[in-house]
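Sequential numbering from 495 applies to the sequence shown in this note's numbering.
All residues carry an ideal CB built from backbone N, CA and C; glycine is no exception.
Quick caveat: nothing in here was measured; it's all calculated off a predicted structure.
A quick write-up on the structure given underneath.
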Amino acid sequence: MTGIDTDRLEEEKRRGISIDLGFAHLGEISFVDVPGHERFVKNMLAGASGIDLVLFVIAADESIKPQTREHFEICRLLGISRGIVALTKSDLVDQDILDLVRLEVEEFVRGSFLEGAPVIPVSATKGHGLDALRAELDEAARAIAGKDASRHARLPIDRSFSMRGHGAVVTGTLVSGTLAVEEEVELYPAGIRARIRGLQVHGAAVERARAGERTAVNLAGIDSSDARRGMTIARPGLFRATQMIDCSFELLAGAHPLKHRAPVHFHAGTAEVEAQARLLESLEPMRPGSRAHVRFVLREPLLLLPGDRFIVRMFSPVVTIGGGVVLDIAPPVRMRRAQLDERLTRIEAGDRVAQLVKESKFGMSAAEIVARTGLLAAEIGTSEGIERVAGEWLIAREWMDRAIAKLREVLKEFHRKNPLLAGIAKEELRSRELSGAPAFLLDALLARAKDIVAEGENVRLASHRVALKQDEEEATAKIEAHFRDGGLAVPSTPEVLAKSGVEAARARSLLQILLKNRKLVRVGDELIYHASAVEGLRKSLAARKGQKFSVAEFKDWTGVSRKYAIPLLEFLDREHVTRREGDQRVVL
Ligand SMILES: Nc1nc2c(ncn2[C@@H]2O[C@H](COP(=O)(O)OP(=O)(O)OP(=O)(O)O)[C@@H](O)[C@H]2O)c(=O)[nH]1
Ligand SMILES: [Mg+2]
């Protein structure tokens, strides 16, 4: 029908059977020809995962065979929504047999996605029915929704080879998004990055390939052996491969009961990995013909996203036993089975983003949500009960309310214990309550809590006032006055505190308040100056900008003794007012 022989391999030609995938096209329609033999179902799966429409081929002289059933179940489990049945070799049977086979087929597909599909008798050798088949294909191709080019690009690789003068080429069905020449891509799960040097669709060079198209990608920066069937091309760093997925899984009616921890073959996209099935609803073996939540632990990582379909085959004998849809690619590890099960029910029923954000410790970045869900950044942030803070961070409103209530408690307790302090340092609050959270989260909480005030690095309840008693007010004034009067030759701190008129512990607290409020400045371990004295010194030095001077000269200018001069100069060095150069200093 297409004029293209899809059996490319020498062995295929010699044995007269298809072994691996073959590719052809007719107008806009791409064909992925899959082998029919039961031994090559794994290859069939790599091809079937990307298709929108199935051309279901049944030989009229053989009718429905076991592999017909297996292929049919696979198409159904992959969620393929439309198809056409071709009854081939119609030239080899008479009309009665043909009518009988047609009835058998109609019976077989009853109640499935193929019910009511056109059943077209054809003869490849005589050419009968091919026009009718083409017409049905055109109509069906027009009717299908197709793949979404507006989503994130993903191309599961089905072939990789090297082309003389071009280098590495990979091919696949672009299952979503677009790829353009010169774009950077990543090969998942290998983490290898490459640049798209060229693109072809149906053998013709294009600048951009779109979802649904059979695409050949010439990759610069890698060797063809770096790429293999089963890998996926997507944007660098956008996604993360996973080795553990929670799913909704259907066990086929004809399968044996599925045991907890049964080893299986897991097929998704063009990939096949060994996996272990872990039952999440009950440890009793899963009943054939039922659907349940199952976790698959994969032997190797794969790029998967929620909503992806997959097929599961048994270890021995290797037959298809079921399939399903991925619900979560990074499920919780330490959670009880029953809770995992409930959680998946919630995810299926509702808002995935809200669920993920609500179960995160401190919320999630929009980029993380994209990686977990495959959503577009623009689709995130409209979930019920979820707020966006600092632009790219999503957090549950309930969590914020709870966190603010907790902050309030902490502040209340802090004020009770430290009535003379203006508040708690922001950094301390952060390390106490939000350790591990991004720094902007505390600011977002403080901005939201109207009864909490953040003044620079100090955080307090709006209602908190440092309430000094009469004697404390007087003592504070006295302490400040002693330091002010001392100028650059300040009295010793114990001496000042002793003269404050209140007992030592309270006097120390008052001193702390003066330091916090920057009325006083700590110059050395036991040396405190009044801010006005330090300010005067700064001014007089500013007038000597660039000048070099010795300690002796400094003593002359200021009239202070060596006892004060050394700590003062060291303080000025630390404050970058002066810089020490050997025995000299220079004013900066
Ligand atoms: N008489 C007759 N022979 C046919 C017709 N279609 C296919 N054949 C023959 O049947 C044999 C198998 O055909 P293929 O096209 O390889 O079948 P297939 O479904 O691709 O088989 P696999 O890919 O190996 O599963 C070949 O010898 C074909 O020549 C037909 O319509 N009429
Ligand atoms: Mg074939």
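Closer than 7 Å: residue i CB and nearest ligand 2 heavy atom
i: glycine 530; result: yes
i: serine 512; result: yes
i: aspartate 546; result: no
i: aspartate 501; result: yes
i: glycine 632; result: The sequence given here places aspartate at residue 632; glycine does not occur at that position. Flag unset: Cβ of aspartate 632 not near ligand 2.
i: aspartate 845; result: no
i: aspartate 652; result: no
i: aspartate 555; result: no
i: aspartate 717; result: no
i: aspartate 625; result: no
i: aspartate 527; result: yes
DSSP state of residue i mapped onto helix, strand, coil
i: methionine 829; result: coil
i: lysine 906; result: helix
i: leucine 668; result: coil
i: methionine 725; result: strand
i: phenylalanine 607; result: coil
i: glutamate 744; result: strand
i: glycine 497; result: coil
i: glutamine 1041; result: coil
i: serine 543; result: coil
i: isoleucine 690; result: strand
i: phenylalanine 733; result: coil
i: alanine 990; result: Residue identity check: residue 990 is valine in the sequence provided, not alanine. Valine 990: helix per DSSP, three-state reduction.
i: valine 996; result: coil
i: histidine 976; result: helix
i: proline 782; result: coil
i: glycine 577; result: strand
i: arginine 645; result: coil
i: leucine 520; result: strand
i: asparagine 712; result: strand
i: alanine 931; result: coil
i: glycine 763; result: coil
i: isoleucine 614; result: strand
i: threonine 619; result: coil
i: arginine 789; result: strand
Near ligand 1: residue i beta-carbon under 7 Å from a heavy atom
i: lysine 536; result: no
i: leucine 586; result: yes
i: alanine 721; result: no
i: lysine 507; result: no
i: serine 854; result: no
i: serine 617; result: yes
i: serine 551; result: According to the sequence shown, residue 551 is valine rather than serine. Result yes, Cβ under 7 Å from ligand 1.
i: threonine 496; result: no
i: lysine 583; result: yes
Rounded distance between the beta-carbons of residue j and residue i, thought under 8 Å
i: alanine 931; j: isoleucine 946; result: At roughly 17 Å, the Cβ-Cβ gap does not stay under 8 Å, so alanine 931 and isoleucine 946 are not in contact.
i: valine 528; j: alanine 518; result: That belief does not hold up - the Cβ atoms of valine 528 and alanine 518 are roughly 12 Å apart, past 8 Å.
i: leucine 1008; j: glutamate 966; result: In fact, because the Cβ distance is near 12 Å, the residues do not count as touching under 8 Å.
i: leucine 773; j: histidine 754; result: 5 Å
i: leucine 673; j: valine 711; result: 7 Å
i: valine 1081; j: lysine 1049; result: Going by Cβ atoms, the distance from valine 1081 to lysine 1049 rounds to 16 Å, so no, they are not a contact pair.
i: glutamine 561; j: glutamate 532; result: 5 Å
i: alanine 714; j: arginine 691; result: 4 Å
i: leucine 631; j: isoleucine 578; result: 6 Å
i: leucine 539; j: valine 526; result: With 8 Å as the limit, leucine 539 and valine 526 do not qualify as a contact, their Cβ atoms being about 11 Å apart.
Neighbour flag for residue i against chain B, beta carbons, 8 Å
i: lysine 852; result: No chain B is part of this structure, which consists of one protein chain only.
Any contact of the region 739-747 with the region 833-851, i.e. 3+ C-beta pairs under 8 Å?
These segments touch.
Does the count of Cβ pairs from the region 843-858 and the region 866-875 closer than 8 Å reach three?
Counting C-beta pairs closer than 8 Å gives three or more between the region 843-858 and the region 866-875, which meets the contact rule.
With contact counted as at least three CB pairs below 8 Å, one residue from each stretch, are the region 754-768 and the region 822-832 in contact?
As far as the Cβ criterion goes, the region 754-768 does not touch the region 822-832, which means the pair count is below three.
Hey, which unbroken runs of the beta strand (DSSP E) at 3 residues or more fall wholly within the region 812-886?
Note on the region 812-886: whole beta strand (DSSP E) runs with a minimum of 3 residues are 814-822 and 880-883, in chain order.
Would you say the region 828-839 touches the region 675-692, given that touching needs at least three Cβ pairs under 8 Å?
Flag = no, the region 828-839 and the region 675-692 do not touch.
The region 598-610 / the region 635-642 touching (three or more Cβ pairs under 8 Å):
Too few Cβ pairs lie closer than 8 Å, so no.
Count Cβ pairs between the region 748-763 and the region 793-803 that sit closer than 8 Å; are there 3 or more?
Look at the beta carbons and you see the region 748-763 touching the region 793-803: at least three pairs across the two are nearer than 8 Å.
Answer yes if the region 713-731 comes into contact with the region 654-669, meaning at least three C-beta pairs across the two stretches below 8 Å, and no otherwise.
Contact between the region 654-669 and the region 713-731 is present, because at least three Cβ pairs lie under 8 Å.
Under 8 Å, with one C-beta from each stretch per pair, do the region 578-585 and the region 615-625 reach the 3-pair mark?
Verdict: yes, contact present.
Is the region 965-980 in contact with the region 1012-1027, if contact means three or more CB pairs nearer than 8 Å?
A contact between stretches requires three or more CB pairs, one per stretch, nearer than 8 Å, and the region 965-980 meets this requirement with the region 1012-1027.
Evaluate contact between the region 854-862 and the region 886-897, counting only Cβ atoms and requiring at least three cross-stretch pairs below 8 Å.
A contact between stretches requires three or more CB pairs, one per stretch, nearer than 8 Å, and the region 854-862 meets this requirement with the region 886-897.
Per the contact definition of three or more C-beta pairs closer than 8 Å, is the region 984-1001 in contact with the region 1062-1080?
No, the region 1062-1080 does not touch the region 984-1001.
Contact between the region 949-963 and the region 904-917 is defined here as three or more beta-carbon pairs at a separation below 8 Å; is this criterion met?
Flag = yes, the region 949-963 and the region 904-917 touch.
Does the region 693-712 come within contact of the region 654-662, defined as at least 3 CB pairs closer than 8 Å?
Yes, the region 693-712 is in contact with the region 654-662.
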